[in-house]
Amino acid sequence: MVQLTELAHSLIRDVVRTGDLVIDATSGNGHDTLFLSQLVGSIGRVVACDVQQDALDSTHDLLQKHKSENVDLVLESHATLLPRLAEEAAQIASAIMFNLGYLPGGDKTRTTTADSTLIAIQAATRLLKPNGVLTVTAYVGHPGGLEESIQVEGLIQKLIQSTEFESLHEATTNANDKAPRLFTIMRRPDSVD
10 MVQLTELAHS
20 LIRDVVRTGD
30 LVIDATSGNG
40 HDTLFLSQLV
50 GSIGRVVACD
60 VQQDALDSTH
70 DLLQKHKSEN
80 VDLVLESHAT
90 LLPRLAEEAA
100 QIASAIMFNL
110 GYLPGGDKTR
120 TTTADSTLIA
130 IQAATRLLKP
140 NGVLTVTAYV
150 GHPGGLEESI
160 QVEGLIQKLI
170 QSTEFESLHE
180 ATTNANDKAP
190 RLFTIMRRPD
200 SVD
């Protein structure tokens, strides 16, 4: 069975090119940040944010280990950073990744929330270039996780009903109610804000 992370990476790998700008909206321990950094190369740029300093420290250490220097780490919620970036410039990012839930190995009571995630995803859609991909991996096994996943699914459904976005993939690891879910949308090539 294909892991959701591998599927998200595969979809992003298809659209991101050397020199692109990409965003990791939940840096966590830095694995997606490193993946994005390697995709865009030394002339590309990654913006990665998290609300926990521990997450950014882990991400920084992983990036240093792999000599990745094309990443801006930002200690800020995706719910404030992405709207601010969207105010400054539209349709600039080739890919934006979200991994919802809590920091692996961290405090399981500090989680993403439906309210902040929906704000961030709405801003992320304004940041996506034509053909840009947005991936959201939602973990539902923690308190609030199922509600967040349901809210994200509702927003994704509204977005793909518009003419601007299409669904690339929706997947789960298995039929278990607590299994993670992957939502992926792409801004249509002929879509302009």
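In my numbering, the protein residues as written are 10 to 202. Just so you know, even glycine gets a beta-carbon here, dropped at the ideal spot from N, CA and C. Note that this is a predicted model, so its numbers are computed, not measured.
Sub-8 angstroms separation of residue i and residue j beta-carbons
{"i": "threonine 193", "j": "alanine 17", "result": "yes"}
{"i": "histidine 151", "j": "threonine 120", "result": "yes"}
{"i": "arginine 190", "j": "phenylalanine 174", "result": "no"}
{"i": "serine 86", "j": "valine 60", "result": "yes"}
{"i": "glycine 39", "j": "serine 67", "result": "yes"}
Whole-number beta carbon distance between residue j and residue i, since they are thought to touch under 8 angstroms
{"i": "leucine 20", "j": "serine 46", "result": "Wrong, their Cβ atoms sit about 18 angstroms apart, outside the cutoff."}
{"i": "serine 36", "j": "leucine 94", "result": "No, serine 36 and leucine 94 are not in contact; Cβ-Cβ is about 15 angstroms, not under 8 angstroms."}
{"i": "aspartate 70", "j": "valine 55", "result": "The pair is not a contact, with the Cβ atoms about 16 angstroms apart (cut-off 8 angstroms)."}
{"i": "aspartate 41", "j": "methionine 106", "result": "5 angstroms"}
{"i": "alanine 132", "j": "leucine 164", "result": "That belief does not hold up - the Cβ atoms of alanine 132 and leucine 164 are roughly 12 angstroms apart, past 8 angstroms."}
Buried versus exposed, by CB contacts within 10 Å (16 or more), residue i
{"i": "aspartate 124", "result": "exposed"}
{"i": "glycine 114", "result": "exposed"}
{"i": "alanine 53", "result": "The identity of residue 53 in the sequence shown is glycine, whereas the question assumes alanine. Classification of glycine 53: buried, given that the 10 Å Cβ count is 16 or more."}
{"i": "leucine 84", "result": "exposed"}
{"i": "threonine 172", "result": "exposed"}
{"i": "threonine 118", "result": "exposed"}
{"i": "threonine 134", "result": "buried"}
Same chain, Cβ closer than 7 angstroms to residue i, five either side skipped, listed in chain order
{"i": "alanine 88", "result": "Ser125, Ile128, Ala129"}
{"i": "histidine 75", "result": "Leu43"}
Open item on the list: With three or more beta-carbon pairs closer than 8 angstroms as the criterion, would you say the region 159-177 touches the region 97-105?
Closed with: no
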